[in-house]
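Numbering-wise, the sequence shown is residues -20 to -1, 1 to 187 according to mature numbering (1 follows the signal peptide of the UniProt record, and there is no 0).
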Amino acid sequence: MIVKHFFGTVLLAAMTLAVAAESEPPKVEAFFSNPQLDHPILSPSGKHLAMRVRGENGRMALGVFETDNFQKKSAAALQPVIVAAYTNIDVDHVRWINDNRLYFDFEDSKDESNKIPGSAFAVNRDGSQRTQLMTKEYQYVQEAIGSHIKQRVLPWDYSYYTSLHDGSDDIIVKKNTYSKIDYTITSSRLYRLNTKTRLLTHLIEAG
């Protein structure tokens, strides 16, 4: 994973230099402003590069680049496919689930002193099949009918744990149990979550 992050950073630098070569020198203010691109992460095959892209509204969106296009000098060829963008929140963490599908969550980080975590989603790299996986709304409760859960969006006490990278659409999520006295974590349990069907299956205990 470290190699992939390093390679992604190198590709980002090469892409930035290619665009800069065809445009006028950057203004001094550009070196002190918020980054337009950050958090590059390569897909398992290395053919696709996901990263956060700053939109015209100042918010960070999720964009996907084709790495084959980095050999081209055309600025148009270096434009990402924007797969998730919001008007009032920023895409935050991004992870590849497989070579075609991504996990992402978001936060309201306009005010650095008051960051508010948001819900989690999965989406294909072309922007299709977006699925909400988790919510951070504390009042949300899954509705159960008999032994079946009617609403499969996971509540706030679940969080992303890791991607499997086994070719499936599944990720591992962690469910924390909290003390009713001081809200510290008393135990955790891992589950396997299908990011298209939202089917949740028990995996192992984490603690």
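The beta-carbon is built from N, C-alpha and C at its ideal position, and this holds for glycine as well.
Taking only three categories from DSSP, how would you classify T181? One-based indexing of the sequence shown puts residue 181 at position 201. It is a strand residue.
Alpha carbon to alpha carbon, what distance is there between L183 and L82? Residue numbering aside, residue 82 sits at position 102 when the sequence shown is read from its first letter. Residue numbering aside, residue 183 sits at position 203 when the sequence shown is read from its first letter. Using only the alpha carbons, I get a separation of about 21 Å.
Taking the CB atoms as reference points, tell me whether L17 and V33 lie closer together than 8 Å. Taking the first residue of the sequence shown as 1, we reach residue 17 at position 37. Taking the first residue of the sequence shown as 1, we reach residue 33 at position 53. Yes, the pair counts as a contact, with Cβ atoms nearer than the cut-off.
Can you give me the Cβ contacts of D72 inside the same chain, cut-off strictly under 6 Å, excluding the 5 residues immediately before and after it? Against the sequence shown, residue 72 aligns to sequence position 92. Counting only Cβ-Cβ distances below 6 Å, and skipping sequence neighbours, we find D85, F86, E87.
Within the region 33 to 110, ranges of the beta strand (DSSP E) (whole runs, at least 3 residues): 40 to 46, 61 to 64, 70 to 76, 81 to 88, 96 to 104
Have a look at K52 and L134 and give me their C-alpha separation to the nearest angstrom. Translated into the one-based positions of the sequence shown, residue 52 becomes position 72. Translated into the one-based positions of the sequence shown, residue 134 becomes position 154. When rounded, the separation of the alpha-carbon atoms in K52 and L134 is 42 Å.
Starting from the C-beta of R178, find all residues in its chain whose C-beta is less than 6 Å away, skip the five residues before and the five after it, and write them out in chain order. What you label residue 178 is simply residue 198 of the sequence shown in a count that begins at 1. Answer for R178: R132, listed in chain order.
Under 8 Å between the Cβ atoms of S23 and D70? For the purposes of this step, residue 23 is taken as the residue at position 43 of the sequence shown. For the purposes of this step, residue 70 is taken as the residue at position 90 of the sequence shown. Contact flag unset, no.
Based on DSSP bridge pairs, tell me the residues matched to I151. By one-based count along the sequence shown, residue 151 stands at place 171. Partner(s): S143, L173.
What residue range is occupied by the uninterrupted beta strand (DSSP E) comprising P20? For the purposes of this step, residue 20 is taken as residue 40 along the sequence shown, with counting starting at 1. Unbroken beta strand (DSSP E) run through P20: 17 to 22.
Taking C-beta to C-beta, are L180 and Y141 nearer than 8 Å? Here residue 180 refers to the residue found at position 200 when the sequence shown is read from its first residue. Here residue 141 refers to the residue found at position 161 when the sequence shown is read from its first residue. Their beta carbons are not under 8 Å apart, which means L180 does not touch Y141 by this criterion.
Thinking just about the alpha-carbon of each residue, which of K154, D150, A64, Y163 is nearest to the one in D106? In the sequence shown, the residue the question calls residue 106 occupies position 126. The shortest C-alpha separation from D106 is found at A64.
Exposed or buried, what is T175 when buried is set at 16 or more other beta-carbons lying within 10 Å of its beta-carbon? For the purposes of this step, residue 175 is identified with residue 195 of the sequence shown, where counting begins at 1. So T175 counts as buried.
For the candidate residues V74, M114, N49, whose alpha-carbon lies nearest to that of N104? If you number the sequence shown from 1, residue 104 lands on position 124. Taking only the C-alpha atoms, the option nearest N104 is V74.
Closest by C-alpha distance to S167, when choosing among P20, N68, K155, G35: Along the sequence shown, read from residue 1 onward, the residue named residue 167 stands at position 187. Selected option, being the one with the closest Cα: K155.
Cα separation between R172 and R110? Within the sequence shown, residue 172 is the residue found at index 192, counting from 1. Within the sequence shown, residue 110 is the residue found at index 130, counting from 1. The straight-line gap from Cα to Cα measures roughly 18 Å.
DSSP-derived helix/strand/coil call for S168: Position 188 of the sequence shown, counted from the start, is the residue given in the question as residue 168. It is a strand residue.
Which residues does DSSP list as the beta-bridge partners of T157? In the sequence shown, counting from the first residue as 1, residue 157 sits at position 177. The partner list for T157 (beta bridge, DSSP) reads S167.
Taking DSSP's pairing of strands, which residues face L29 in a bridge? Within the sequence shown, numbered from 1, the residue matching residue 29 stands at position 49. Paired residue(s): L22, F45.
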